[in-house]
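Here is the structure we will look at.
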């Protein structure tokens with residue numbers, strides 16, 4: 033193809049995206065004016081930052097031809113910061129619980145813990161209870177934002193308050209470490225609770241960006257698919273939060289990326305640095321969510337071919353055995369030194385007739401041993417009842433599931449992921465049917481274990497579906513799931529990678545504008 037044709041195609045693409053951008057702005061402006069929204073300086077600044085991010089991304093894709101991991105940083109950094117301000121402290125799911133845990137760990141680290149109780153500063157205590165963080169249904173994003181803005185310059189109260197709950201287990205420092213360091217940084221320098229909270233978010237955000245950047249850089253296949261998943265609204269929300277979800281998601285993505293690289297591109301991937309990172313990733317995964325997602329570490333074994341098996345030597349076998357023994361030893365030692373017996377005496381659904389909060393009317397392992405058919409029935413019925421909820425809460429439900437972005441765009445995301453998986457011109461590796469089957473069974477096993485965990489912890493005895501499960505719990509599975517959907521090597525219907533990048537960028541910008549509209 034000669035240069036004149038390439039230039040004409042680029043001009044056509046540019047005109048197309050300019051028209052799309054103008055249409056988006058027109059529709060968005062009409063919504064704002066129609067609602068009578070007062071345009072403040074903060075609103076205008078945030079809106080311009082979103083549009084500038086989009087323009088920088090388009091320029092990087094069409095003109096500078098940046099490598100995809102550099103492009104990701106240019107887009108993700110401003111969007112993560114933007115999400116952090118649009119979803120103020122307390123608006124990300126379970127941030128009240130996570131802040132208490134992080135504050136407790138920070139107090140242990142700084143040596144100010146009181147009587148082995150979770151210890152917060154007075155400012156942190158007031159921030160939680162002034163905003164009713166423990167009553168999620170009462171949270172309103174506008175009220176929380178007003179509180180945050182009005183208390184940014186409040187003088188800090190350095191006194192400490194001990195809550196009526198035990199201190200956080202020290203092994204949770206493994207997945208809370210970035211946020212703990214951020215909060216401790218704010219405390220040491222005498223900053224108030226609001227600013228310290230943002231430091232906790234920014235420290236976590238930095239670690240999340242570093243891990244996902246490296247995972248995208250080392251991903252041997254389906255880079256455009258991975259790029260799109262990283263720009264999903266819920267993934268961005270969890271990536272800027274103080275929740276351990278940011279470590280869970282980033283380490284899951286890194287585990288899949290490095291695991292694929294060990295098998296598909298062994299010359300580039302098999303080195304001491306990647307082995308060490310893989311081990312650290314494994315340590316995090318065996319501690320978060322009871323180690324359920326550590327099954328993703330099996331990806332190198334699943335993808336091994338007969339030729340790979342024949343070429344295995346004793347040194348490699350010894351390395352794998354040492355790797356597994358080391359992980360088990362770390363987990364066992366941590367459990368021995370931090371174990372605390374827990375008794376579940378109530379449920380989130382105490383109003384239901386079959387659940388008395390003063391007793392232990394909850395599902396148990398023993399119950400399912402005596403009623404073996406009950407478990408598969410509840411699992412399948414839960415999928416039937418909650419599938420739509422899981423779908424929305426994975427793609428478009430932000431905050432405490434009370435900020436609903438465009439549901440129609442969920443299907444556009446799915447379509448874009450399908451295109452990136454099946455027709456990406458940059459991907460040549462094809463999984464065998466056996467590999468797809470085993471990988472699919474592993475993913476189904478992880479999903480089932482997530483459901484069973486919430487079934488035993490939160491679901492009252494007698495319920496026919498599971499309580500407490502949300503779509504964001506399945507985010508680590510989205511990448512390997514769509515990777516399994518691929519066409520044959522002989523398929524000539526391929527899509528240029530730049531088109532896919534532009535599509536994902538456009539979706540991320542539209543979703544960000546939608547969040548800005550709803551947040552104000």
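Numbering (this note's numbering), first residue to last: 33 to 552. Backbone N, C-alpha and C fix where the C-beta goes; we use that ideal spot for every residue, glycine too. A quick note: this is a predicted structure, and the numbers were derived from the prediction, not measured.
Residue environment, residue i, which counts as buried when at least 16 other CB atoms sit within 10 Å
i	result
residue 255	buried
residue 251	buried
residue 408	exposed
residue 483	buried
residue 128	buried
residue 394	buried
residue 221	exposed
residue 313	buried
residue 123	buried
residue 269	buried
residue 508	buried
residue 283	buried
residue 491	buried
residue 145	buried
residue 130	buried
residue 175	exposed
residue 225	buried
residue 162	exposed
residue 357	exposed
residue 281	buried
residue 420	exposed
residue 404	exposed
residue 272	buried
residue 177	buried
residue 85	buried
Beta-carbon proximity check, residue i vs residue j, cutoff 9 Å
i	j	result
residue 243	residue 285	yes
residue 452	residue 257	yes
residue 498	residue 414	yes
residue 422	residue 293	no
residue 152	residue 195	yes
residue 211	residue 232	yes
residue 437	residue 290	no
residue 264	residue 320	no
residue 227	residue 236	no
residue 493	residue 399	yes
residue 431	residue 121	no
residue 427	residue 445	yes
residue 425	residue 266	yes
Start-to-end residues for the beta strand (DSSP E) that takes in residue i
i	result
residue 195	192-198
residue 149	149-153
Reduced DSSP secondary structure (H/G/I, E/B, other) of residue i
i	result
residue 429	strand
residue 435	strand
residue 446	helix
residue 298	helix
residue 14	What is shown of the chain runs 33 to 552, which leaves residue 14 out entirely.
residue 394	strand
residue 254	coil
residue 484	helix
residue 264	coil
residue 408	helix
residue 540	helix
residue 222	coil
residue 188	coil
residue 123	coil
residue 461	coil
residue 201	coil
residue 468	helix
residue 498	coil
residue 24	Limits of the chain in this structure are 33 at one end and 552 at the other, which puts residue 24 out of reach.
residue 518	coil
residue 238	helix
According to DSSP, residues forming a beta bridge with residue i
i	result
residue 270	Paired residues: none, contrary to the question.
residue 492	394
residue 146	149
Run of the alpha helix (DSSP H) containing residue i, from where it starts to where it stops
i	result
residue 565	Coverage of the chain is limited to positions 33 through 552, which leaves residue 565 absent and any answer about it impossible.
residue 104	100-118
residue 313	304-319
residue 331	331-335
residue 175	173-182
residue 84	73-91
Test: residue i CB closer than 9 Å to a CB of chain D
i	result
residue 271	Absent here is chain D; the protein component of the structure consists of one chain.
Residue i Cβ short of 8 Å to the ligand MG heavy atom set
i	result
residue 209	Within the structure as shown, the ligand MG is missing, as the structure has no ligands at all.
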